[in-house]
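**Q** The structure's right below; bear with me while I get my questions together.
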Amino acid sequence: MAEERDLKQVLSRIKYTDDAKVQEQIVDQLLQVKTRMGRIKRKILVMSGKGGVGKSMVTVNLALAFARVGHTVGLLDIDLNGPCVPAMLGLKGQRFTLTGDGALPPVGPLGIKVASMEFLLQPDAPVRWKGPMELSPVWLGLQEMSVIREFLADIAWGELDYLFTDLPPGAAADKPPVMAGYLPELDGAVIVTIPSEVATQVVKKSISYARDVGIKVLGLIENMSGTVCQRCGAEEPLFSGDAERIARDMDVPFLGRVPFDRALGGAADRGEPLLDPDQPSVRHFAQIAERLTQALEFKKMMASLL
Amino acid sequence: MKFVCRKCETFMLFEKLESPAEASLGITFECPECGARFSMVTNPGETSMVQALGVKLGGRTAPAGPMELTRETLKEPNVDEAVTAQGSGKSASGGAGGGSCPFSSMISGMQQPARQLEWSREALERMEKVPSFVKPMLQTSVEAYAKKNGITLITPAVMEASKHAETDMAWAPEAEQRLDNIPSFVRPMARKEIERMARDRGLTTVTTALMDEAKEKFMSMGI
Numbered sequence: 004m005a006e007e008r009d010l011k012q013v014l015s016r017i018k019y020t021d022d023a024k025v026q027e028q029i030v031d032q033l034l035q036v037k038t039r040m041g042r043i044k045r046k047i048l049v050m051s052g053k054g055g056v057g058k059s060m061v062t063v064n065l066a067l068a069f070a071r072v073g074h075t076v077g078l079l080d081i082d083l084n085g086p087c088v089p090a091m092l093g094l095k096g097q098r099f100t101l102t103g104d105g106a107l108p109p110v111g112p113l114g115i116k117v118a119s120m121e122f123l124l125q126p127d128a129p130v131r132w133k134g135p136m137e138l139s140p141v142w143l144g145l146q147e148m149s150v151i152r153e154f155l156a157d158i159a160w161g162e163l164d165y166l167f168t169d170l171p172p173g174a175a176a177d178k179p180p181v182m183a184g185y186l187p188e189l190d191g192a193v194i195v196t197i198p199s200e201v202a203t204q205v206v207k208k209s210i211s212y213a214r215d216v217g218i219k220v221l222g223l224i225e226n227m228s229g230t231v232c233q234r235c236g237a238e239e240p241l242f243s244g245d246a247e248r249i250a251r252d253m254d255v256p257f258l259g260r261v262p263f264d265r266a267l268g269g270a271a272d273r274g275e276p277l278l279d280p281d282q283p284s285v286r287h288f289a290q291i292a293e294r295l296t297q298a299l300e301f302k303k304m305m306a307s308l309l
Numbered sequence: 608m609k610f611v612c613r614k615c616e617t618f619m620l621f622e623k624l625e626s627p628a629e630a631s632l633g634i635t636f637e638c639p640e641c642g643a644r645f646s647m648v649t650n651p652g653e654t655s656m657v658q659a660l661g662v663k664l665g666g667r668t669a670p671a672g673p674m675e676l677t678r679e680t681l682k683e684p685n686v687d688e689a690v691t692a693q694g695s696g697k698s699a700s701g702g703a704g705g706g707s708c709p710f711s712s713m714i715s716g717m718q719q720p721a722r723q724l725e726w727s728r729e730a731l732e733r734m735e736k737v738p739s740f741v742k743p744m745l746q747t748s749v750e751a752y753a754k755k756n757g758i759t760l761i762t763p764a765v766m767e768a769s770k771h772a773e774t775d776m777a778w779a780p781e782a783e784q785r786l787d788n789i790p791s792f793v794r795p796m797a798r799k800e801i802e803r804m805a806r807d808r809g810l811t812t813v814t815t816a817l818m819d820e821a822k823e824k825f826m827s828m829g830i
């Protein structure tokens, strides 16, 4: 029997080959994401530090604001466990159409293309995976990362001017780095908050976290910034904080405020979003969209104004 | 991951893939020289972990369908089976029967040449706590800072200093004045961009000359 040699020596003499082609498979996956996303001009994340600040509502209305002025818009809902975008846009019960070119997304108001986990779930069923969810949170993280990758690679968006991605809540969740990893050409993130002291403290963490993972913060939106009296029309604050101050402190563009609007909430609950440009909330979102466009094109602005 | 026949000094080859129990895999390898065989058996957790990567064990023999992993891993998917049967235009790697190892990227990663800069044990430990997606970016940024400052050993103190390196930038009053031409709500972004340019050029003060350069740069970008 030949003398057994040191493993390091043995390995130096034999040629390593990736015959399982795992690397190629992973490269293929990433190329597919790149090809699909390459047809989309602007890719924007919508995130928040805390849950319950109306992030999905803001995402939906931001998408509508851009679609209203003639842009082609897609909306990707990657709140995998609590998807609510389809319901807000009246697309509950819809499904993807699977074709040889990918999964065709259902189309909502103003031609907005929507992709959501909701379209793969049975009515009212939560996400239940076949894997060892109870055994391994590590597995669950990996699984969700692959699901997001499939949403980016396999949805047949076609050519789009804007793709808005609604992230699940959380200042330090794993989804922003996943998105940044898959989309190096990401334009940036819009951060949504409410003016409560507690929320504004958390939003600072969100901004720092986004920057830490290499995501440009395009701006801050203050949602539920006040309420309008149904009788006299006077606007009253709901909270005592001030998101604009946070934006200033953190060197982030302040994109605008959206007062709490029962009409807007009711419309989302019914799945019939407000489309009339004269509605006050619609006007707020139109202004925010205009500022967001300027924030996206600030280099152009620098070329002409510096 | 690969297996080596120590006697013959060669990699063993993939022979077959079996499923000895539900959610368990048996992967058999054979030495091409002496014919020695053995089987590696995975438990359900290990099997799921590999499958969650969206990688096919032994290589793909057909392109993946749209949302394949998501649909196949959901317990109760709401999809129309008739349409899922359609093919996909996606590219795929691996040929029929090709491949022996789902973990090969790990070994090839280990064979990458070592970086020139040295990291202290404490710095490496600190880096280990960072999410995996952030690591490459953080590593690049810390190493760029170290190289720029002639540092060869990266310690936690160097990592900390690299974080704060971006904030120490002075502005000449005329440059500051020109920045005021930018609408206030996007001014912070403009400031950051110009400071980034200054740092790239090794400057510690933003001057009007740099502002001219920035303006020219953005104009030439044709944006």
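One line per chain: the protein sequences are A and B, in this order.
Our numbering puts the first sequence at residues 4 to 309.
Our numbering puts the second sequence at residues 608 to 830.
Ideal placement from N, C-alpha and C gives every residue a C-beta, glycine not left out.
In this text, all values refer to a predicted model and were calculated from it rather than measured experimentally.
1) Contact criterion: CB-CB distance below 7 angstroms. Does V813 of chain B meet it with respect to chain A?
2) How many angstroms separate the CA atom of K682 of chain B from the CA atom of P140 of chain A?
3) In chain order, what residues of the same chain have a beta carbon less than 8 angstroms from the beta carbon of Q693 of chain B, not counting five sequence neighbours either side?
4) Quick check: what's the CA-CA separation for A213 of chain A versus L186 of chain A?
5) Taking Y212 of chain A as part of the alpha helix (DSSP H), name the residues at either end of that continuous run.
6) What residues are listed by DSSP as bridge partners for N226 of chain A?
7) In or out: Y165 of chain A buried (at least 16 other Cβ within 10 Å) or exposed?
8) Could one say the Cβ of G809 of chain B lies closer than 7 angstroms to chain A's Cβ atoms, at least one of them?
9) By the 10 Å Cβ neighbour count, where 16 or more other Cβ atoms means buried, how is V201 of chain A classified, buried or exposed?
10) So which residues of chain B does K11 of chain A contact, with C-beta pairs closer than 8 angstroms?
11) Under 7 angstroms Cβ-Cβ, which residues of chain A neighbour A821 of chain B?
12) Thinking C-beta only, is G222 of chain A closer than 7 angstroms to P262 of chain A?
13) Which residue or residues does DSSP assign as beta-bridge partners of C612 of chain B?
14) Taking the alpha-carbon of I29 of chain A as reference, which of A:E153, A:R286 and A:S307 has the nearest alpha-carbon?
15) State yes or no: is the beta carbon of K623 of chain B nearer than 7 angstroms to at least one beta carbon in chain A?
16) Report all residues from its chain with a CB closer than 6 angstroms to the CB of T617 of chain B; omit the five preceding and five following residues, and keep chain order.
17) Taking CB distances under 7 angstroms as the criterion, tell me whether K207 of chain A reaches chain B.
18) May I ask you to report which of helix, strand or coil DSSP gives A692 of chain B?
19) Going by C-alpha distance, which of A:R286, A:L189, A:I210 and A:D264 is nearest K46 of chain A?
20) Return no unless some Cβ of chain A is closer than 7 angstroms to the Cβ of I758 of chain B.
21) Please confirm if N685 of chain B has its CB atom under 7 angstroms from at least one CB of chain A.
22) For P172 of chain A, which residues in the same chain have their Cβ closer than 7 angstroms to its Cβ, ignoring the five residues on either side in sequence?
23) Taking Cβ positions, are A306 of chain A and F825 of chain B nearer each other than 7 angstroms?
**A** Quick look at the numbers:
1) Using a Cβ-Cβ cut-off of 7 angstroms, V813 of chain B does not count as an interface residue toward chain A, since no Cβ of chain A sits closer than that to its own.
2) Each residue's Cα considered, the two are about 17 angstroms apart.
3) Residue placement at Q693 of chain B cannot be trusted, given a pLDDT of 42 that sits under 50; what the coordinates show is reported in the next sentence. Here Q693 of chain B has G672 as same chain residues with Cβ atoms under 8 angstroms from its own Cβ, once five neighbours each way along the sequence are excluded.
4) Cα to Cα, A213 of chain A sits roughly 14 angstroms from L186 of chain A.
5) First-last of the alpha helix (DSSP H) with Y212 of chain A: E200 to D215.
6) In the DSSP output, where bridge partners are listed per residue, N226 of chain A has A:V261.
7) Flag for Y165 of chain A reads buried.
8) So no, G809 of chain B is outside the interface.
9) It is exposed - the Cβ of V201 of chain A has fewer than 16 other Cβ atoms within 10 Å.
10) Those within 8 angstroms of K11 of chain A in chain B number zero; the least Cβ separation is about 11 angstroms.
11) For the C-beta of A821 of chain B, the chain A residues within less than 7 angstroms are, from N- to C-terminus, M305 and L309.
12) Not closer than 7 angstroms, so no.
13) For C612 of chain B, which the question treats as bridged, DSSP gives the partners B:T617.
14) By alpha-carbon distance to I29 of chain A, the top candidate from A:E153, A:R286 and A:S307 is A:E153.
15) For K623 of chain B, the nearest beta carbon of chain A is not closer than 7 angstroms to its own beta carbon.
16) Beyond the five residues adjoining it in sequence on each side, T617 of chain B comes within less than 6 angstroms, by CB distance, of E640 in the same chain, given in chain order.
17) Answer no: the Cβ-Cβ gap between K207 of chain A and chain B never drops below 7 angstroms.
18) Residue placement at A692 of chain B cannot be trusted, given a pLDDT of 38 that sits under 50; what the coordinates show is reported in the next sentence. Residue state, collapsed to three classes: coil.
19) If we check each option's Cα against that of K46 of chain A, A:L189 comes out closest.
20) In terms of beta-carbon proximity, I758 of chain B stays away from the interface with chain A, with every pair separated by 7 angstroms or more.
21) Chain A contact via Cβ: present.
22) Short of 7 angstroms from the beta carbon of P172 of chain A, and not among the five residues preceding or following it, lie these beta carbons of its own chain, in chain order: S51, K53, G54 and K58.
23) Against a cut-off of 7 angstroms, the Cβ pair of F825 of chain B and A306 of chain A comes out as a contact.
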